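Chemist:
Number of protein chains: 2
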Amino acid sequence: MNQNNDFKCHIWFTEYHNNNVALSVRVKDILYREKSGFQEIEIIDTYDFGKALILDNTFQTTERDEFIYHELISHIPLFTHPNPRNVLVIGGGDGGTVREVVKHKSVETVDFVELDEKVIEACKKYMPKLSCEIDNEKVNLIITDGIKYVAETEKKYDVIIVDCPDPVGPAKGLFEKEFYKNVFKCLNDDGIMVQQSESPLYNLDLIQNICRYLKDAGFKIIMPYTYPMPTYPSGFWSFTLASKKYNPLEVDEARIKEALKDMETKYYDEEVHKGIFLAAPKFLKDAVKKALE
Amino acid sequence: MNQNNDFKCHIWFTEYHNNNVALSVRVKDILYREKSGFQEIEIIDTYDFGKALILDNTFQTTERDEFIYHELISHIPLFTHPNPRNVLVIGGGDGGTVREVVKHKSVETVDFVELDEKVIEACKKYMPKLSCEIDNEKVNLIITDGIKYVAETEKKYDVIIVDCPDPVGPAKGLFEKEFYKNVFKCLNDDGIMVQQSESPLYNLDLIQNICRYLKDAGFKIIMPYTYPMPTYPSGFWSFTLASKKYNPLEVDEARIKEALKDMETKYYDEEVHKGIFLAAPKFLKDAVKKALE
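Going down the list, the sequences are from chains D and G. Here UniProt numbering is used: the first residue of the first sequence is 1, the next is one more, and so on. Here UniProt numbering is used: the first residue of the second sequence is 1, the next is one more, and so on.
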């Protein structure tokens, strides 16, 4: 590649968020491309976001902003639970979530259920910053459909993390009633689940549906939380936490602060833990309240 | 315009955030274009974000996401102060900030200092949802340079809101030491200022400098807060609040809740008020702490 800095000469990857909005990033190189039985997988190296995993032309994760997503999907539920030992991670084949989960000393086993083995293989080879703990001895990788797994397993977990892609194709069932019922069944009596729940600006209806389904499944406490995500549509994203017993706003901050002394984080801290729920926009809180009426 | 929904046929506006990232939105129409003495002004109508004000090819505000920015730049400082009566707004010619400020019953006068009269004129004509309160009787529009204004005025304010564009061109001085000293001088002994302070992901050094300058100017409490902003670079943006006396974390939530009964907001509520500071990412808190050492 020549060193001409005139960016117009170079290759761009463009993700169309819908017919009317697109985000483009300049590409250094295409590291991996393959069509698996489930999706098109690409790993590209970009100038601004480092290496990026792209599934079916959609950003899944990038080295630059992945810490936001992976810290918040993991540490919020794991620190809401006072003693999480057995954790189930569904999806997240890049390994970023698993990397954060194994930071918790209390965690003994992580069952890591991923549909697409090729995503794991590609990320292990090209994105070691994310995949570095997939071979951790606590982690038990199971290549299967998460929807089927929670329907069939008799195991019980303290925390279940659903690190799913958008609700299209094989991931659609991860946003349906039946799935949440099975997740509820797979949790201990004080268990907590958290799920990737799309953009509050673009997908408010979807978030409302998720909340309704979680309520129907039997969860007592249902609370979405939001965060910036530069490479996702609208740059504004959400997780939804559902809990049988523990309220994330009632955690002991001192306990978290103590635990964080041995744990490196860039986004999450004991203040973020509560603040992120309080800081959720009023329009989202109102929508969720309405959905749960 | 034909009704063909194949988006590839249509016109796009693209903002390059830097040489390596670009956000594109599909355009319905160009409503206004003019070169003022200070900048190129465009108002476009877009499919996904409604009408958008563009200055020098950079998104300033759009109808879809402006509520986030304008509510948070206004209500956080105005509710941190127990009784704000005299307010100075520098910049924000679209009128969105002024619209939020006049919602506060305690506010008696708003001196609204904007450099570029043509921005005001264009927004009054094409963006009435934002500019609707510019002619409010509390608002005193002053067309001049905000940097010069705070250097020369002998007036004192309870709250000063610096709704500035990026630190390039005429706005550069709004990010310099001298400016913050003059803002401090223009505030009452319990006064509060807030400033647009760019992206925590892209401009951490700048935020650190702002904090240092604010400390040097004499402010006791200096706290950035962050929020999603879909049409700004990285989708992740910040304001920095500086206060002579009142701490935003020590407000009376019940008082805010009561006041909000007569005030429509979509993003801000009494929980957001505190939560937004707590939810600021650890890497930003650490950087600010370091800057203020």
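C-beta: ideal position from N, C-alpha, C; glycine also. It should be emphasised that the depicted structure is a prediction, and the values quoted were computed from it without experimental measurement.
Whole angstroms is fine: what's the gap from P228/G's alpha carbon to F59/G's?
Modeler: Working through the second sequence from its first residue, we reach residue 228/G at position 228. Working through the second sequence from its first residue, we reach residue 59/G at position 59. Each residue's Cα considered, the two are about 15 Å apart.
Chemist: Which whole-angstrom value is the C-beta distance of G235/G and G146/G, which I expect to be below 8 Å?
Modeler: Position 235 of the second sequence, counted from the start, is the residue given in the question as residue 235/G. Position 146 of the second sequence, counted from the start, is the residue given in the question as residue 146/G. The Cβ separation is near 27 Å, so there is no contact.
Chemist: I want to know whether the stretch 86-101 of chain D touches the stretch 151-163 of chain D - three or more CB-CB distances under 8 Å.
Modeler: yes
Chemist: Rounded to the nearest angstrom, what separates C132/G and E250/G at their Cα positions?
Modeler: Locating residue 132/G in the second sequence gives position 132, counting from the first residue. Locating residue 250/G in the second sequence gives position 250, counting from the first residue. Roughly 33 Å between the two C-alpha positions.
Chemist: Quick check: the stretch 105-119 of chain G against the stretch 179-190 of chain G, are there 3 or more CB pairs under 8 Å?
Modeler: no
Chemist: When DSSP builds the beta bridges, which residues end up paired with D163/D?
Modeler: Along the first sequence, read from residue 1 onward, the residue named residue 163/D stands at position 163. Note: D163/D sits in a beta bridge opposite G91/D.
Chemist: Could you tell me which whole beta strand (DSSP E) segments of length 3 or greater appear in the stretch 116-193 of chain D?
Modeler: 139-143 and 157-163
Chemist: Give me the chain D residues within the contact set of A22/G, using Cβ-Cβ distance strictly less than 7 Å, ordered along the chain.
Modeler: On the second sequence, residue 22/G is found 22 positions in, with the first residue counted as 1. Correct list: S24.
Chemist: Confirm, please, whether the CB-CB distance from A259/D to Q208/D is below 8 Å.
Modeler: Residue 208/D sits at position 208 when you count from the first residue of the first sequence. Residue 259/D sits at position 259 when you count from the first residue of the first sequence. No, these two residues do not count as a Cβ contact at 8 Å.
Chemist: State yes or no: is the C-beta of L88/G within less than 8 Å of the C-beta of Y157/G?
Modeler: In the second sequence, counting from the first residue as 1, residue 88/G sits at position 88. In the second sequence, counting from the first residue as 1, residue 157/G sits at position 157. In this structure, Y157/G lies closer than 8 Å to L88/G by Cβ.
Chemist: Taking beta-carbon pairs under 9 Å, can you tell me which members of the stretch 83-109 of chain G lie near chain D?
Modeler: none
Chemist: For F13/G and A22/D, what's the separation of their Cα atoms in angstroms?
Modeler: Along the second sequence, one-based indexing puts residue 13/G at 13. Along the first sequence, one-based indexing puts residue 22/D at 22. C-alpha separation (whole angstroms): 10 Å.
Chemist: Taking I11/G as part of the beta strand (DSSP E), name the residues at either end of that continuous run.
Modeler: Here residue 11/G is taken as the residue at index 11 of the second sequence, counted from 1. Looking at the DSSP string, I11/G is not in any beta strand (DSSP E), and its letter there is neither H nor E.
Chemist: Which ranges would you report for the beta strand (DSSP E) in the stretch 196-250 of chain D if only whole runs of at least 3 residues count?
Modeler: 221-228 and 236-243, all fully within the stretch 196-250 of chain D.
Chemist: Using a Cβ-Cβ cutoff of less than 8 Å, which residues in the same chain neighbour Y32/G once the five nearest sequence positions on both sides are dropped?
Modeler: As a position in the second sequence, residue 32/G is number 32, starting the count at 1. Cβ neighbours of Y32/G within its own chain (closer than 8 Å, five residues either side excluded): I41, E42, I43, A122, K125 and Y126.
Chemist: When DSSP builds the beta bridges, which residues end up paired with E71/D?
Modeler: Position 71 of the first sequence, counting from 1, holds the residue named residue 71/D. According to DSSP, which records beta bridges pairwise, E71/D is partnered with nothing at all.
Chemist: In the stretch 264-282 of chain G, which residues sit with their C-beta less than 8 Å from some C-beta in chain D, listed in chain order?
Modeler: So the close ones are T265, K266, Y267, Y268, D269, E271, V272, K274, G275, I276, F277, L278, A279, A280, P281 and K282.
Chemist: Can you pull the chain D neighbours of D45/G, defined as C-beta to C-beta under 9 Å?
Modeler: Here residue 45/G is taken as the residue at index 45 of the second sequence, counted from 1. Simply none; closest approach about 12 Å.
Chemist: Beta carbons nearer than 7 Å to chain D: which residues of the stretch 191-216 of chain G have them?
Modeler: L201
Chemist: Note down, in chain order, every chain D residue with its Cβ under 9 Å from the Cβ of G50/G.
Modeler: By 1-based counting over the second sequence, the position of residue 50/G is 50. Simply none; closest approach about 11 Å.
Chemist: Is there a Cβ of chain G sitting closer than 8 Å to that of P248/D, yes or no?
Modeler: Stepping through the first sequence from its first residue, residue 248/D is reached at position 248. With 8 Å as the cut-off, P248/D does not count as an interface residue toward chain G.
Chemist: In the DSSP output, what is G50/D paired with across the bridge?
Modeler: Stepping through the first sequence from its first residue, residue 50/D is reached at position 50. Partner(s): T46/D.
Chemist: Tell me, which residues are paired with N86/G by DSSP?
Modeler: Taking the first residue of the second sequence as 1, we reach residue 86/G at position 86. T109/G, per the DSSP bridge assignment.
Chemist: Short check: CB of H75/D to CB of Y232/D, under 8 Å?
Modeler: Here residue 75/D refers to the residue found at position 75 of the first sequence. Here residue 232/D refers to the residue found at position 232 of the first sequence. The answer is no: Cβ separation not under 8 Å.
Chemist: Excluding five sequence neighbours on each side, which residues of the same chain lie with their C-beta closer than 8 Å to the C-beta of D94/D?
Modeler: On the first sequence, residue 94/D is found 94 positions in, with the first residue counted as 1. The residues are L53, Q60, T61, E66, V119, C123, M127, L130 and S131.
Chemist: Taking only beta-carbon atoms, is G146/D less than 8 Å away from chain G?
Modeler: Within the first sequence, numbered from 1, the residue matching residue 146/D stands at position 146. False, the Cβ-Cβ gap to chain G never drops below 8 Å.
Chemist: Is N57/G close to chain D, meaning its C-beta is less than 8 Å from at least one C-beta of that chain?
Modeler: What you label residue 57/G is simply residue 57 of the second sequence in a count that begins at 1. By this cut-off, N57/G is not an interface position.
Chemist: Would you tell me roughly how many angstroms separate the C-alpha atoms of F7/D and Q39/G, rounded to the nearest one?
Modeler: In the first sequence, the residue the question calls residue 7/D occupies position 7. In the second sequence, the residue the question calls residue 39/G occupies position 39. Residue confidence is low: F7/D scores 47 on pLDDT, short of 50, so the model does not pin down where it sits. No coordinate-derived value is stated.
Chemist: So which residues of chain G does F236/D contact, with C-beta pairs closer than 7 Å?
Modeler: Taking the first sequence and counting its residues from 1, the one referred to as residue 236/D is at position 236. Going along chain G in sequence order, the residues near F236/D (Cβ under 7 Å) are P228, P230 and G235.
Chemist: Between which residues of its own chain and E71/G is the CB-CB distance below 8 Å, once the five residues before and five after are set aside?
Modeler: Here residue 71/G refers to the residue found at position 71 when the second sequence is read from its first residue. Same-chain partners within the cutoff: E100, T265, K266, Y267 and Y268.
Chemist: So, for D56/D: in the same chain, excluding its five sequence neighbours on each side, which residues have a beta-carbon less than 7 Å away from its beta-carbon?
Modeler: In the first sequence, the residue the question calls residue 56/D occupies position 56. Answer for D56/D: Q39 and E40, listed in chain order.
Chemist: Work out the CA separation of N188/D and H17/G for me, nearest whole Å.
Modeler: As a position in the second sequence, residue 17/G is number 17, starting the count at 1. As a position in the first sequence, residue 188/D is number 188, starting the count at 1. Distance between the alpha carbons of H17/G and N188/D: 47 Å.
Chemist: Count the other C-beta atoms from every protein chain shown that fall within 10 angstroms of the C-beta of G96/D, then say buried if there are 16 or more, exposed otherwise.
Modeler: Residue 96/D sits at position 96 when you count from the first residue of the first sequence. So G96/D counts as buried.
Chemist: Give the secondary structure of V102/G by DSSP, where H, G and I count as helix, E and B as strand, and everything else as coil.
Modeler: Mapped onto the second sequence, residue 102/G falls at position 102. Coil at V102/G, not helix or strand.
Chemist: Counting only C-beta atoms, is N19/G closer than 8 Å to chain D at any point?
Modeler: Start at 1 with the first residue of the second sequence, and residue 19/G comes out as number 19. Chain D contact via Cβ: present.
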